[in-house]
Amino acid sequence: AGTHIVLAHAGDSRAYLLSNGTLTRLTLDHSMVADLVRSGTISEAEARVHPNRSVITRALGTDANMPVDTYEVQARPGDRLLLCTDGLHGMIEDPEIARLLGAYADPGVTARALADAAIDAGGQDNVTVVVVEVGAGEEPARSGIDAARRAAPLLWVLVFVALVASAGWGAWAYARSRAYLAAENGVVVVYRGVQGDFAGVRLAWREAETTIPVSALPPDRAARLADGIPLKDLADAWEAVALYRTLAADTTSAPATAAPGVPAP
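Position one of the sequence shown corresponds to residue 247 (this note's numbering), numbered consecutively onward.
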């Protein structure tokens, strides 16, 4: 007999199943770098250090019509289900996750070992780990199927949804801490967030429109603004604005160069 597991998923948290020593990833990440990896644009190794690795393409609460992936899988007694945020799988590769997931008899100790390993590896994000060991189950009670057994798969789904929500909040918080400059309507504009519109999820907020004309900037600066200039935070963005204001003023106040043989005014 086995246990029927149903998962609903959105975001870059993951579900894994360890069965007979083999680790299977049950979910697909909804993130910018995952899309790039699946298209062959970058490798898994490059995705781990990509500057936009925290940008997710689906998150709870961003769209009332957001699609949610659902998965069904059969698990056997002794199998282990792992639910985790990218704070774990972003720091530890799957072979090490598989080793730790099967190294300890107690699921609680296993979860702690996984979290500690992620923290020791750098711990660049929050680490949330849930380890569930599939049991043998019980015989149905005379009054019907035991309620706890019927509720168990639903409980796992709810736990994973909570993990996804946590990951979505983490991506939103990361975006709110970043900034970039762009050219719009001929002037420099300051944005809080990260560039791009991924699967309808836009993690950028217009902070301010300056009076700096893009046409008054050196050509190389203007070209960079056309593509957008990512910056660490709003403080860096305003420092860049001050520099661009100076550059624009220098350009507009520079004396015109007279043509050969023509006296300058």
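Glycine is no exception: its CB is placed at the ideal position from the N, C-alpha and C atoms. Predicted model, so just to flag it, every value in this text is computed and none were measured.
- Going by DSSP, L360 is part of the alpha helix (DSSP H) stretching over 353-366.
- Judged by DSSP in its simplified three-state form, Y490 adopts helix.
- Spanning the alpha carbons of D332 and S259 requires a straight line of approximately 6 Å.
- Within a 10 Å sphere around the beta-carbon of S300 sit 16 or more other beta-carbons, which makes this residue buried.
- Residue pairing of S265 in beta bridges, as defined by DSSP: T268.
- G439 and A483 have their C-alpha atoms roughly 11 Å apart.
- Beta-bridge partners assigned by DSSP to P476: Y426.
- In the DSSP assignment, D325 falls outside any alpha helix (DSSP H) and carries neither an H nor an E.
- Among the bridge pairs identified by DSSP, P459 is matched with V433.
- Nearest to G267 by alpha-carbon distance, out of A495, A349, T273, is A349.
- Here W451 is bridged, per DSSP, to R438.
- Secondary structure of I338 (DSSP, three-state): coil.
- For D496, the secondary structure class from DSSP, reduced to helix, strand or coil, is helix.
- Separation of I302 and E318 (C-alpha to C-alpha, rounded to the nearest whole angstrom) is 23 Å.
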